[in-house]
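2 protein chains.
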Amino acid sequence: MQPDLSAVMVRDADVRIRPLARHTPVFTSTSINRAAGVEVHFKCENLQRGGAFKIRGASNLIFSIPEEDLPRGVVAFSSGNHAQAVAIAAERAGTKATIVMPVDAPRGKLDATRNHGARVVTYDRKTESREAIADRILKETGATLVPPFDHPLVMAGQGTAALELLQVIPQLDALIAPIGGGGLLAGCATIAKALDPEIRIFGAEPERANDTFLSLQAGRRVEIPQPDTIADGLRAPQPGAFTFPVLQRHVEKVLLVSEQEIRETVKFLLMRMKLLVEPSGAVAAAAVLHHKLPKNVRSIGVILSGGNLDFEDLARY
Amino acid sequence: MQPDLSAVMVRDADVRIRPLARHTPVFTSTSINRAAGVEVHFKCENLQRGGAFKIRGASNLIFSIPEEDLPRGVVAFSSGNHAQAVAIAAERAGTKATIVMPVDAPRGKLDATRNHGARVVTYDRKTESREAIADRILKETGATLVPPFDHPLVMAGQGTAALELLQVIPQLDALIAPIGGGGLLAGCATIAKALDPEIRIFGAEPERANDTFLSLQAGRRVEIPQPDTIADGLRAPQPGAFTFPVLQRHVEKVLLVSEQEIRETVKFLLMRMKLLVEPSGAVAAAAVLHHKLPKNVRSIGVILSGGNLDFEDLARY
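From first to last, the protein sequence lines stand for chains F and Y.
Sequential numbering from 10 applies to the first sequence in this note's numbering.
Sequential numbering from 10 applies to the second sequence in this note's numbering.
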């Protein structure tokens, strides 16, 4: 039985992950505030080690593994950023990582994972089950599974992004983050509400991967068909068993953005802010820049959650 | 008669420009240190207001104009970043800017200059003299000329980039910046040597725009034919009358990089650091990442001087 996610766990994570996770910068731009019609503070997880927030959750779990279990290694399945994060954290912890990745994951993400000494096992997203493959490896090795989002230690680790943001900018009307499986937003909402019960929490999803939007509407976890969106990190077909109740408790609304709005935002952040943000990482910014927030939100923290994409994909925009 | 550039002038500039110029972040990455074989600290002037360091020098000069002269406006000629900077600083000072720009300047730079209320006068780099056009406007209007580099107040303003860098990272073996007309490096070298007489100063130029390299070798200002390099901000055909003696005094060596090395570095900084840096802004980084430094330099501050380029140009890389 896992403990429930709490603000204390986020604070503990904030100490535990420090050998590895960077305090990423927060950027504010008056010209972008004008464009967005709201005071926007970007938390730049694209500048995080491994190029995404995922190192926070992965290292929080891996650094919590009892010493006697470490030699049996860790296993993860991931479309990319979580894979790199687990590889980096396992390397630092001195244990072996096996990562189950879709064969069509961005080349850069596959390479980066291998570069950190992980063994990569690829599978076909259309015909194979990554859970089944991971299960088999777990049984063979006795390794520890590092889930991409649905684990309290992973959620708590991700929450440190919001903790850092609110340490720099303590007064915010609202906070918004992209939702894949919901680990990032669950962790961030938990610590943000503990620091300021009045803060409003928003999530952002692609229209084409609106599983959490539908789930919150239905009041239960809804599974959608395998989503087809350029935001490859947000393709989880349903929120997690652990993340969903946390999102239900804290999230005021999930804002939906189109593929075109995501693409425009990646380009806007690149050309105007000089920051490379991947499609998944730009979804929350897309919602804000395309005026999807309620009008009375005057200041917001926006998590730019990652920056890993292939140059060839970017050049096609 | 202009006063000689001094460290005190850089410190004065540091106060004067503050309403406008940002303290840009300094980024360090252990994986990049490994790749470069030296401890590298990037000063991110691509994240500066206006997307380049130029706002520092432009605002230092414009904010020094006597109040009775302000209504007659300011004039500048520039291939781009200086143009935007003068437009922004003039807007803030409440005066009118006229900018003489090459007709083939990047579209984004032309637009950004106009967006800040400046009047843009275009000319053909092959057949017209921007100096002659600027001269005519100055005579007609009585405006103040804001030179792109060859003025002590402009050089002093640019030097604040190094002052900020050394406030964050006080112990550095060396400092390197790109050289166009030499204003940035002259200002940076002056304050850096005042703070630490032992610090070693390097410049970086494209092989195809090696006017300062040749001038330092010859011991006098050498003019080269109009350089053809993707580093469009470094096309000044000779160092300035004010900047050259300062560079002669402080610069140990000018490191040269090929067009291919510049392109690779732009891509490397984008994909690995998630930072958009324009070709001119990446020239100093290119020299360091391509191992052109003397072997005994163990730590260096590298100025990433700007981040303005057209998406279409980037996509072609």
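Quick reminder that beta carbons are idealized off the backbone N, C-alpha and C, glycines included.
Keep in mind it's a predicted model, so treat the numbers as computed, not measured.
Identify the residues that DSSP records as bridge partners of residue i: which are they?
i, result
"Val109 of chain F", "F:Phe86, F:Val130"
"Thr39 of chain Y", "Paired residues: none, contrary to the question."
"Phe51 of chain F", "F:Phe36, F:Val311"
"Val266 of chain Y", "Y:Pro215"
"Leu284 of chain F", "Y:Leu284"
"Val260 of chain F", "F:Ile210"
Measuring only from the beta carbon, is residue i closer than 7 angstroms to any heavy atom that is part of the ligand SAM?
i, result
"Asp120 of chain F", "Looking for the ligand SAM in the displayed structure turns up nothing, as the structure carries no ligands at all."
Give the secondary structure of residue i by DSSP, where H, G and I count as helix, E and B as strand, and everything else as coil.
i, result
"Leu313 of chain F", "strand"
"Ser73 of chain Y", "coil"
"Val155 of chain F", "coil"
"Ala61 of chain Y", "strand"
"Lys8 of chain Y", "Here chain Y comprises residues numbered 10 to 326, so residue 8 of chain Y is not present and cannot be evaluated."
"Leu278 of chain Y", "helix"
"Val231 of chain Y", "coil"
"Glu273 of chain F", "helix"
"Ser68 of chain F", "helix"
"Ala102 of chain F", "helix"
"Phe251 of chain Y", "coil"
"Asp13 of chain Y", "coil"
"Leu318 of chain Y", "coil"
"Thr238 of chain F", "coil"
"Leu119 of chain F", "helix"
"Lys301 of chain Y", "coil"
"Ile26 of chain F", "coil"
"Pro246 of chain F", "coil"
"His114 of chain Y", "Inspection of the sequence shows that residue 114 of chain Y is occupied by Ala rather than by His. It is coil, neither helix nor strand."
"Asp78 of chain F", "coil"
"Val306 of chain Y", "coil"
"Arg368 of chain Y", "Since the first residue shown for chain Y is 10 and the last is 326, residue 368 of chain Y is missing from the structure and cannot be characterised."
"His125 of chain F", "coil"
"Arg20 of chain F", "helix"
"His160 of chain Y", "coil"
"Gly46 of chain F", "coil"
Under 8 angstroms, Cβ to Cβ, is there at least one residue of chain Y near residue i?
i, result
"Asn42 of chain F", "no"
"Arg187 of chain F", "Arg is not the amino acid found at residue 187 of chain F; the sequence shown has Pro there. No - not a single Cβ of chain Y is within 8 angstroms of the one on Pro187 of chain F."
"Phe277 of chain F", "no"
"Pro34 of chain F", "yes"
"Met10 of chain F", "The predicted position of Met10 of chain F is uncertain, since its pLDDT is 48 and thus under 50; no value can be drawn from it."
Can you find a CB in chain F that lies within less than 8 angstroms of the CB of residue i?
i, result
"Pro254 of chain Y", "no"
"Ala324 of chain Y", "yes"
"Phe320 of chain Y", "yes"
"Gly316 of chain Y", "yes"
"Arg27 of chain Y", "no"
Inset, instruction - Could you tell me which uninterrupted beta strand (DSSP E) segments, each at least 3 residues in length, are contained entirely in the stretch 163–224 of chain F, listed from first to last along the chain? - result: Segments of the beta strand (DSSP E) lying fully in the stretch 163–224 of chain F: 183–187, 209–215.
Legend entry - Residues from the stretch 103–128 of chain Y in contact with chain F, defined by Cβ distance under 8 angstroms: So the list reads Gly117, given in the order they occur along the chain.
Legend entry - Near-chain F residues of the stretch 222–246 of chain Y (beta-carbon distance less than 9 angstroms), N- to C-terminal order: Residues: none.
Inset, instruction - Return the residues of the stretch 281–308 of chain Y that lie within a Cβ-Cβ distance of less than 7 angstroms from chain F, sorted by chain order. - result: Residues passing the 7 angstroms Cβ filter: Lys283, Leu284, Leu285.
Legend entry - chain Y contacts from the stretch 54–74 of chain F (Cβ-Cβ distance under 7 angstroms): Cβ contacts with chain Y come from Asn55, Leu56, Gly60.
Inset, instruction - Name, going along the chain, the residues of the stretch 79–95 of chain Y whose beta-carbon falls closer than 9 angstroms to a beta-carbon of chain F. - result: So the list is empty, because no residue satisfies the distance condition.
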